[in-house]
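Residue numbers for the sequence shown, in the working numbering: 787 to 919.
The structure under discussion appears below in the form of structure tokens.
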Amino acid sequence: MVKPTTPRKANEYEDSDGRSPFGEWLTALKDVRGKVKITKAITQMEGGNFGDHKAITGGSGLYERRIDFGPGYRIYYIIEGDKLIIIFAGSEKKDQQQAIDNAKDYYADYKKRKKEESDSAAKGKQSRPKKGK
């Protein structure tokens, strides 16, 4: 029996200034066919096909999607819940370690800001007056 896949949505991480490191990397890439392969890989990931991927050692849930084309492209991402993929960075094989280090930093920032938003929302709920009082 075939298990149905959970459709996911890929979003690019944005830093506190609204910059998307992955988007900037992809936009600057001159290899048009490479861009198509990377975009196709993301579409496949949204459909549940993560292809050639592995967990990053010490990445706390960070993964690397390997694309065997050209210089060996990489996409660094997490899966959040059942429906969301957050893409942090991209690289070529030769820049892999620097991109992993950057992706870890971006992920730490993402978690910190998400926690701050969650804490802020929880405080807002506690300070609201109850209806009817």
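Just so you know, even glycine gets a beta-carbon here, dropped at the ideal spot from N, CA and C.
Between Y863 and A875, the alpha-carbon positions lie close to 7 Å from each other.
Comparing C-alpha distances from P857 to each of D905, L815, K909 shows the shortest one belongs to L815. Listed in chain order, the non-local C-beta contacts of E866 below 7 Å within the same chain comprise I872, local neighbours out to five positions each way being set aside.
Taking 7 Å as the cut-off, the Cβ atoms of R860 and Q884 do not count as close.
Residue pairing of A796 in beta bridges, as defined by DSSP: I871.
Counting only the Cα atoms, T825 lies some 15 Å from D838.
By the beta-carbon neighbour count (other beta carbons within 10 angstroms, threshold 16), E850 is buried.
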